[in-house]
Amino acid sequence: SPHGEPVVYEEIPHGGYFSLDDLAEIGAYARARAVTVVPELDVPGHATAILAAYPEFGATGEEYEVLDRWGISPAILSPLPETVAFLTTVMDEWISALGSVPYFHLGGDEVVLDHWDSSPAISRYRESLGLSSAAELHGWFLRRLADLLAERGTRAVVWDEAFVAGSLRQDTIVMPWRGMGVGRRAVAAGHDVVACPVFPLYLNYAASGDAAEPLAIGDTITLDDVLAFEPAPASWTEEERSRVLGLQGQLWSEWIADAATLDYHTWPRGCALAEIGWYGSPGDDFAGRLAVQLERLDAIGVDYRPLDGPRPWQRRRPHQSNAYTMAEAMVILERMAETPDSTRPSM
Numbered sequence: 001s002p003h004g005e006p007v008v009y010e011e012i013p014h015g016g017y018f019s020l021d022d023l024a025e026i027g028a029y030a031r032a033r034a035v036t037v038v039p040e041l042d043v044p045g046h047a048t049a050i051l052a053a054y055p056e057f058g059a060t061g062e063e064y065e066v067l068d069r070w071g072i073s074p075a076i077l078s079p080l081p082e083t084v085a086f087l088t089t090v091m092d093e094w095i096s097a098l099g100s101v102p103y104f105h106l107g108g109d110e111v112v113l114d115h116w117d118s119s120p121a122i123s124r125y126r127e128s129l130g131l132s133s134a135a136e137l138h139g140w141f142l143r144r145l146a147d148l149l150a151e152r153g154t155r156a157v158v159w160d161e162a163f164v165a166g167s168l169r170q171d172t173i174v175m176p177w178r179g180m181g182v183g184r185r186a187v188a189a190g191h192d193v194v195a196c197p198v199f200p201l202y203l204n205y206a207a208s209g210d211a212a213e214p215l216a217i218g219d220t221i222t223l224d225d226v227l228a229f230e231p232a233p234a235s236w237t238e239e240e241r242s243r244v245l246g247l248q249g250q251l252w253s254e255w256i257a258d259a260a261t262l263d264y265h266t267w268p269r270g271c272a273l274a275e276i277g278w279y280g281s282p283g284d285d286f287a288g289r290l291a292v293q294l295e296r297l298d299a300i301g302v303d304y305r306p307l308d309g310p311r312p313w314q315r316r317r318p319h320q321s322n323a324y325t326m327a328e329a330m331v332i333l334e335r336m337a338e339t340p341d342s343t344r345p346s347m
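In the working numbering, the protein residues as written are 1 to 347.
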C-alpha cells in the first residue's frame, strides 16, 4: 500500500452511507438529548464518493471509484454552476432530513487544485469571475456555498485551508486543525473559531510511547497533553479569546478497526477534552472525578484505556509512528498553515 501498512480486505459488506431516513432518525435522536448535529459535506476535495456516482461534476469528467485506502486524492469537484446547483440540492435534502441545522461544515481541506489549473473550461470560468488563481477560486467556491447556506439560516464551518484561501463570509466559522497560529490569524480577520489542532486533539494518535500501545496513525498524545491544552490561550487578548467558540477532538478512523479500538482511543482522553471544553482548564479535582467516570465506563462496558496502560487483550503490534518526530511535525504544520495547500508538506 502507499502508506506502508499491509492491505487486507475483509469479506464483510460495509454500507458506507446514510439514507435520508437515517438522517431524520439521527436528527430526532439528537434533539431529544439537546445535541446539535453538524453535518459535513467536504468539498471540493475529499469528494471521490460523489465523483464515483456523478463523474459529470468532476473537474476532468473521468470515471472514479470510491477510495478503498485513506489519504489525499487529486480528484476534485468542478466549481462550475451545475456543480453548485447539485450541491445545493444535497444541502437542502440534508437540512430537511435533519430538521434543524444551525451549522453546516463545508470542509475545504486537503484540496489538490491541479485539475482546476489544467481545465480550459474552469480557467475560463475563473477569469469570468475576475479571479487570478485556482486558490482564489477555491475560496470563492466555498463562499458561494456559504452564501446559499446563509439564505437558509445556516452558518458555514470550514477547515483552516479555506480561510487561508481567502474570500470567506465574515460569519464563517474556521476550524484550525493545523495549529492555533492560523487560528489566531482567523480570529484577527474577524472569524469565530473552534480549536481543533492536531497536537494535542487528534485522538487517533497513540496514547503513550509504550510499544504495547495498539496500532495508531501517529506519535504520542497523552491524557496530560490533552489536559494541558488551552482552547482560548491566556496569551491572547480578551477580544481574541471571545472568538473561540469551543474545541473539537478528532478521531479519524483509518486505523480504527472496531468499536473496542474506538473506545480505547477515545477514553479517557475524551474526558480530558470535555474538562477543558467546559472549564477552559482542568479543575483541581479532575483526578478524583475522572476515577468516578472510569467506574461509570466500566459499568456500561466501555473498553477504555486504563491510566497505567493497555490491558492484556488491548495490547497490539507496536504503533506505527509518524515519519517525523513531534517537533518536526509541528514545524511542518506551521509551514503548511501559511498556504491553503495541505497536500505537499515539506521540511
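All C-beta atoms in this analysis are idealised placements derived from N, C-alpha and C, irrespective of residue type, glycine included. Please read all numbers here as calculations on a predicted model, not as lab measurements.
In this chain, the beta strand (DSSP E) harbouring residue 247 covers 244-247.
For residue 26, the enclosing alpha helix (DSSP H) has its first and last residue at 20-31.
Annotation note: the region 142-173 contains the following uninterrupted beta strand (DSSP E) runs of length 3 or greater, listed N- to C-terminal: 155-159. In the DSSP assignment, residue 183 falls within the alpha helix (DSSP H) that extends over 180-188.
In this structure the region 63-74 touches the region 38-51; the number of beta carbon pairs closer than 8 Å is three or more. Classified as exposed, residue 292 has fewer than 16 neighbouring CB atoms from the shown chains inside 10 Å of its CB. In this structure, the straight-line span from the alpha carbon of residue 133 to that of residue 117 is close to 8 Å.
By the beta-carbon neighbour count (other beta carbons within 10 angstroms, threshold 16), residue 83 is buried. A direct Cα-to-Cα measurement between residue 208 and residue 255 gives close to 16 Å. By the CB criterion at 7 Å, residue 180 and residue 194 fall outside the cutoff.
Apart from sequence neighbours up to five positions away, the residues of its chain that approach residue 140 with a beta-carbon distance below 8 Å are 79, 129, 131, 167, ordered along the chain. In the displayed model, residue 42 falls within a strand according to three-state DSSP. If you compare the alpha carbons of 253, 36, 262, 310 with that of residue 16, the shortest gap goes to 253.
For residue 211, the secondary structure class from DSSP, reduced to helix, strand or coil, is coil.
According to DSSP, residue pairing for residue 107 in a beta bridge involves 43. Rounded to the nearest angstrom, the gap between the Cα atoms of residue 126 and residue 138 is 10 Å. Taken through DSSP and simplified to helix, strand or coil, residue 297 comes out as helix. By the neighbour-count criterion, in which 16 or more other beta carbons inside 10 Å mark a residue as buried, residue 231 falls on the buried side. Straight through space, the alpha carbons of residue 24 and residue 91 are spaced by roughly 14 Å. Three or more beta-carbon pairs separated by less than 8 Å link the region 97-108 to the region 153-166, which places the two stretches in contact. The region 69-78 makes no contact with the region 24-40; the number of CB pairs closer than 8 Å stays below 3. For residue 194, the beta-bridge partners assigned by DSSP are 246.
Under a 10 Å Cβ-count criterion, residue 177 is classified as buried, with 16 or more other Cβ atoms of the shown protein chains found around its own Cβ.
Assignment of residue 220 by DSSP, reduced to helix, strand and coil, places it in the strand class. Taken through DSSP and simplified to helix, strand or coil, residue 16 comes out as coil. Excluding residues up to 5 positions away in sequence, 290, 293 lie with their Cβ nearer than 7 Å to the Cβ of residue 271 in the same chain.
Residue environment for residue 47: buried (at least 16 other C-beta atoms within 10 angstroms of its C-beta). When the beta-carbon positions are compared, residue 223 and residue 268 come within less than 7 Å of each other.
In this chain, the alpha helix (DSSP H) harbouring residue 96 covers 81-98. Residue nearest to residue 161 within the set 183, 19, 18, 284 is 183 (criterion: CA-CA distance). Annotated three-state conformation of residue 202 is strand, per DSSP. Counting only the Cα atoms, residue 186 lies some 24 Å from residue 227. Residue 231: not part of any alpha helix (DSSP H); DSSP gives it neither H nor E. Bounds of any alpha helix (DSSP H) do not take in residue 60, whose DSSP letter is neither H nor E.
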